[in-house]
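Structure record follows, encoded as structure tokens.
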Amino acid sequence: MNNIKVALAGQPNCGKSTIFNMVSGIEQHIANYPGVTVDKKTGFFKYENYKIEMVDLPGTYSFSSYSLEERVAKEFILNETPEVIVNVIDASNIKRNLYLTFQLLEIGIPVVVVLNMMDVAKRREIEIDSKKISTMLNCPVIEATGAKGVGSKEIMKSIVDVATNKKSYEDFKINYEELEPHINSIEKKIQENTFHLNKRWLCIKLLEGDTTIIEYLKKDYPNIEEEIEKESVTFHEKYDKDFPSFLASIRYDSADIIYHNAIEDKRNGVQTLTDKVDKIILNRFLALPILILLMFLVYQISIVWGYKLTDYTWPILASFKNFVIDILPQADLIDVPMITDLGVWMVNSANALMNYIPIFFILFALIAIMEDVGYMPRMAFILDKVFKRFGLHGQSTLPLVLGGAMVGGCAVPGVMATKGIADDRARMATIFSVPYMNCLAKVPFYTLLLGAFFKEDMAIMMFFISTVTLFVALIVAKLLTSTILKTRETAPFLMELPPYHLPTVKGVVIRAVQRVWIYIKKVVTIVLAVAIVLFALLQFPGIDEISKANFENDIEAALTKFDRATQSSSYYSEVDSKQKVSQLLNYYDSYRAKKMTLSSPEKSKKVDEDFLQNNSIFFKFVKPLRDTEAKKINAALRKLSTDRKRVLRSIKNEKIENSLLGMAGRAIEPITKYAGFDWRINVAFLSSFAARESAVATLGSIYENNKADSMRAEEAMSLNSGYTPLHAAAIIIFMLLTPPCIATMIVVKMQTNSYKWMLFAIFFPVTLGIVLSSIVFSIGSYNNYTGVEAMTYFYFAIVSIALIVALFPNKNINWEGGIKPKISTK
Numbered sequence: 001m002n003n004i005k006v007a008l009a010g011q012p013n014c015g016k017s018t019i020f021n022m023v024s025g026i027e028q029h030i031a032n033y034p035g036v037t038v039d040k041k042t043g044f045f046k047y048e049n050y051k052i053e054m055v056d057l058p059g060t061y062s063f064s065s066y067s068l069e070e071r072v073a074k075e076f077i078l079n080e081t082p083e084v085i086v087n088v089i090d091a092s093n094i095k096r097n098l099y100l101t102f103q104l105l106e107i108g109i110p111v112v113v114v115l116n117m118m119d120v121a122k123r124r125e126i127e128i129d130s131k132k133i134s135t136m137l138n139c140p141v142i143e144a145t146g147a148k149g150v151g152s153k154e155i156m157k158s159i160v161d162v163a164t165n166k167k168s169y170e171d172f173k174i175n176y177e178e179l180e181p182h183i184n185s186i187e188k189k190i191q192e193n194t195f196h197l198n199k200r201w202l203c204i205k206l207l208e209g210d211t212t213i214i215e216y217l218k219k220d221y222p223n224i225e226e227e228i229e230k231e232s233v234t235f236h237e238k239y240d241k242d243f244p245s246f247l248a249s250i251r252y253d254s255a256d257i258i259y260h261n262a263i264e265d266k267r268n269g270v271q272t273l274t275d276k277v278d279k280i281i282l283n284r285f286l287a288l289p290i291l292i293l294l295m296f297l298v299y300q301i302s303i304v305w306g307y308k309l310t311d312y313t314w315p316i317l318a319s320f321k322n323f324v325i326d327i328l329p330q331a332d333l334i335d336v337p338m339i340t341d342l343g344v345w346m347v348n349s350a351n352a353l354m355n356y357i358p359i360f361f362i363l364f365a366l367i368a369i370m371e372d373v374g375y376m377p378r379m380a381f382i383l384d385k386v387f388k389r390f391g392l393h394g395q396s397t398l399p400l401v402l403g404g405a406m407v408g409g410c411a412v413p414g415v416m417a418t419k420g421i422a423d424d425r426a427r428m429a430t431i432f433s434v435p436y437m438n439c440l441a442k443v444p445f446y447t448l449l450l451g452a453f454f455k456e457d458m459a460i461m462m463f464f465i466s467t468v469t470l471f472v473a474l475i476v477a478k479l480l481t482s483t484i485l486k487t488r489e490t491a492p493f494l495m496e497l498p499p500y501h502l503p504t505v506k507g508v509v510i511r512a513v514q515r516v517w518i519y520i521k522k523v524v525t526i527v528l529a530v531a532i533v534l535f536a537l538l539q540f541p542g543i544d545e546i547s548k549a550n551f552e553n554d555i556e557a558a559l560t561k562f563d564r565a566t567q568s569s570s571y572y573s574e575v576d577s578k579q580k581v582s583q584l585l586n587y588y589d590s591y592r593a594k595k596m597t598l599s600s601p602e603k604s605k606k607v608d609e610d611f612l613q614n615n616s617i618f619f620k621f622v623k624p625l626r627d628t629e630a631k632k633i634n635a636a637l638r639k640l641s642t643d644r645k646r647v648l649r650s651i652k653n654e655k656i657e658n659s660l661l662g663m664a665g666r667a668i669e670p671i672t673k674y675a676g677f678d679w680r681i682n683v684a685f686l687s688s689f690a691a692r693e694s695a696v697a698t699l700g701s702i703y704e705n706n707k708a709d710s711m712r713a714e715e716a717m718s719l720n721s722g723y724t725p726l727h728a729a730a731i732i733i734f735m736l737l738t739p740p741c742i743a744t745m746i747v748v749k750m751q752t753n754s755y756k757w758m759l760f761a762i763f764f765p766v767t768l769g770i771v772l773s774s775i776v777f778s779i780g781s782y783n784n785y786t787g788v789e790a791m792t793y794f795y796f797a798i799v800s801i802a803l804i805v806a807l808f809p810n811k812n813i814n815w816e817g818g819i820k821p822k823i824s825t826k
């Protein structure tokens, strides 16, 4: 079976991704296109004897080599040789998009043009004669609306028809007039070699000074650069023009011909809704306040209001925990089987993270709406002027957003997205700035601490958390670009602002669900795998014999008190042995836990019936009603249950403190104590370097008990940790400034191609985090600040430093090298 490899190309903001998603979801269109099936393993489309593989190339404004996206796209064409290029064009902005179209047509590979966002064009009263465009370009031109699934059938049919009828294809040529003799001259010089690409196109790219093509041909033609230089000098002497600008002018003129012959803009000169809205959104005085207000609303809706939804999801998770405990081997007083400990640890680890799914769904939906509306590119435009003052770039916005500038991103794609930044200095600075963003993995940690210590101030605290990291990143970027990165190359920022679009409910929901599903998969795979490793590190070597004997004495003393208190009861024979008491305790704890998770009298009554049926005698002790004899046992039972929980918690704490991970946490306590961190929070931070979510899983498991109950991780931490809101503020500041997970550090190494930069990206933020959190905690303790006060002073200190730093323009040395002076050895 033959393959048809298709390259999907287009400018940024042309809706290329919607076309890719629409065509990729081909299964829903199979009924409308007989003969097409989908290979479930590869995802390729099958048609007769062909398999169709579609590759989505990076969005690019041209097919030169001025940016990394352009080089990546061109290298794919050179190395992978697709059979068809699908060029997606924004139908509401055809003229500007046609420049790239002419470049693609010249490559020598059949092109299918897709006029996307036709609904927007029609709404803006732009009439397009797609048949005339098709006739003028001699290629298929398809009208489509990717967001609504319109045009998929026609795109598929055109791809297959073009690929299976290559015999009728003729190379596309633009008459470059005065340049033609120079194209022919270069073509003769490379005539001897056999290329899979159009030789004329290669010659045009050579004359254009395309570095990718020059490097591609230098292997066979070492002197090709000299030949190009000769042609360039001759052309310039004769016409006083340069090759690149002349080629560009011809292409723009060609695009203008298409525009005037096939497109009619009936509202030409009339302000569109986008123009009117941008007067407000991009206003020099209103842009930043609007941006800050939108960010605050995103956090208010998702974090604060979304947190209230966890009141409905937590009972479900608590019920799941109780179910798991019911099927695991029960404890014998304080002797808890290892399998039960592991099972409860895993459930606590998962529950601590799964409880925040409603928050993430709302957060991702709001971000998807902002993306679809078209605000994200405008955010880059607004921030470019700000970023420039700190050595960053407008193109730094996307990596920072992906990393979590809007909260809920991931540093891995954020760092990877820096490859599209043409400015090398800004690219490197952005790589080291992205880890300061609030990635998705950090959000559960913040929510845990806010729920435990700042329930009344969640909105303002989350606003501080989500925005202060951006100011920290700007300060760090300024520091780096003014010192170790000052000799790196720079480049201008270019961006096209798309028209505003109304998002579709379906599109927003699908993207929110997809991102939540990625989070769930991470919890189920990476985080739980880390949880198993952490469990092992926290279990060994365990408690010593002396401590074990002391704990046994404690429970024996509690049992003796229970025995004395119940001997006078007529039911004493039911609790006159350790085995019976142990069973009663497990029965009592299980009953209480299930009752605490119920939300209706009917469900409560059903639990009573089940427990009564399970053991009618024990049920009398759990719910004695007017039975005086049973009440004696009930009172003693409640006291014994409390004593057992206290002993179990002491065992757990000592086991963790003496464990391998606990020893590591205590080893660094002399450093972290100035920030108010004890060995437990150190253990959580150590575990978080494998996966940030593990910090929540670890804290949730450390501070929760091993018994069935409905207590949230936030409540358990607030009650059992001994921390104050000031401790929590210092902990949050450290988490804000520390680097993300190991996976991100690996990506940093890949992007910088240096282990030294990777180590710098690890140790610099850790040092900064320890220093600043220690300063905040020490000053806060001395002045008796509350957690909110300490966070407020920290926030405004960082913002003030950022504003002061912004006042100093970048005056960097943009050169290096030369003859180094001799160093005297005298």
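Residue numbers are given in the UniProt record's numbering: position 670 of the sequence shown equals residue 670, and the series is strictly consecutive.
In this text, a Cβ means the ideal position worked out from N, Cα and C, and glycines have one as well.
Everything numeric in this text was worked out from a predicted model, so none of it was measured.
Could you tell me if Asp326 is buried or exposed, where buried requires 16 or more neighbouring beta carbons within 10 angstroms of its beta carbon?
exposed
Grouping DSSP H, G and I as helix and E and B as strand, with all else coil, what is Thr724?
coil
I need the boundaries of the beta strand (DSSP E) containing Asp119, first residue and last residue.
From DSSP, Asp119 is part of no beta strand (DSSP E) but of the alpha helix (DSSP H) over 118-123.
When DSSP builds the beta bridges, which residues end up paired with Lys5?
Glu53
Member of Leu137, Leu105, Asn87, Glu127 whose CA lies at the smallest distance from the CA of Val113:
Asn87
What did DSSP end up calling Cys439 once you bin it into helix, strand or coil?
strand
By how many angstroms is the C-alpha of Phe235 removed from the C-alpha of Lys241?
7 Å
Could you give the distance in angstroms between the alpha-carbon of residue 827 and the alpha-carbon of Phe777?
Nothing about residue 827 can be read from this structure; the chain reaches only from 1 to 826.
Those residues which DSSP pairs with Asp335 across a bridge:
Asp332
DSSP-derived helix/strand/coil call for Gly151
coil
Pairwise C-alpha distance: Tyr591 and Val622
8 Å
In chain order, what residues of the same chain have a beta carbon less than 8 Å from the beta carbon of Ser781, not counting five sequence neighbours either side?
Gly676, Leu726
Would you report the Cα separation of Val472 and Phe102, rounded to the nearest angstrom?
44 Å
DSSP three-state call for Ile142: helix, strand or coil?
strand
Output needed for Gly15: all residues of its chain with C-beta closer than 8 Å, excluding positions within five of it in sequence on either side, in chain order.
Val88, Asp90, Asn116, Met117, Gly146, Ala147
Nearest CA to the CA of Glu229: which residue from Tyr216, Asp210, Asp220, Lys219?
Asp210
Spell out the partners DSSP gives Asn87 in its beta bridges.
Ala9, Val113
Ala636 and Phe562 look like a contact to me (Cβ under 8 Å); what is the Cβ gap, rounded to whole Å?
5 Å
Report yes or no: do three or more beta-carbon pairs, one from the segment 641-660 and one from the segment 610-626, lie closer than 8 Å?
no
Three or more C-beta pairs under 8 Å: does that hold for the segment 727-734 against the segment 761-772?
yes
Using 8 Å as the cut-off, can you tell me whether the segment 362-380 makes contact with the segment 457-472, which would need three or more C-beta pairs spanning the two stretches below that distance?
no
Are there 16 or more other CB atoms within 10 angstroms of the CB of Leu286, so buried, or fewer, so exposed?
exposed
For Asp341 and Lys455, the rounded distance between their alpha carbons
30 Å
Could you tell me the alpha carbon to alpha carbon distance between Gln567 and Lys580, rounded to whole angstroms?
14 Å
For Glu229, report the span of its beta strand (DSSP E) as first-last.
From DSSP, Glu229 is part of no beta strand (DSSP E) but of the alpha helix (DSSP H) over 224-239.
Suppose contacts are defined by Cβ-Cβ distances below 7 Å. Is Ile52 in contact with Ile4 by that definition?
yes
By the 10 Å Cβ neighbour count, where 16 or more other Cβ atoms means buried, how is Thr81 classified, buried or exposed?
exposed
Identify which residue in Ile183, Leu333, Asp610 has its Cα closest to the Cα of Leu202.
Ile183
Closest by CA to Gly149, which one among Asn283, Lys218, Lys506?
Lys506
If I follow the unbroken beta strand (DSSP E) through Glu127, where does it start and stop?
126-128
DSSP state of Glu264, grouped into three classes?
strand
Counting C-beta neighbours from all protein chains within 10 Å, is the total for Trp517 16 or more, i.e. buried, or is it exposed?
exposed
Terminal residues of the continuous alpha helix (DSSP H) containing Glu657?
628-657
Three or more C-beta pairs below 8 Å linking the segment 427-437 and the segment 475-490:
yes
Under three-state DSSP, which class holds Arg389?
coil
How would you call Gln28, buried or exposed, if buried means at least 16 neighbouring beta carbons within 10 angstroms?
Low local confidence applies: a pLDDT of 44 at Gln28 is under 50, so the model's placement there is unreliable, with the coordinate-based value given in what follows. Answer is exposed; the Cβ neighbour count stays below 16.
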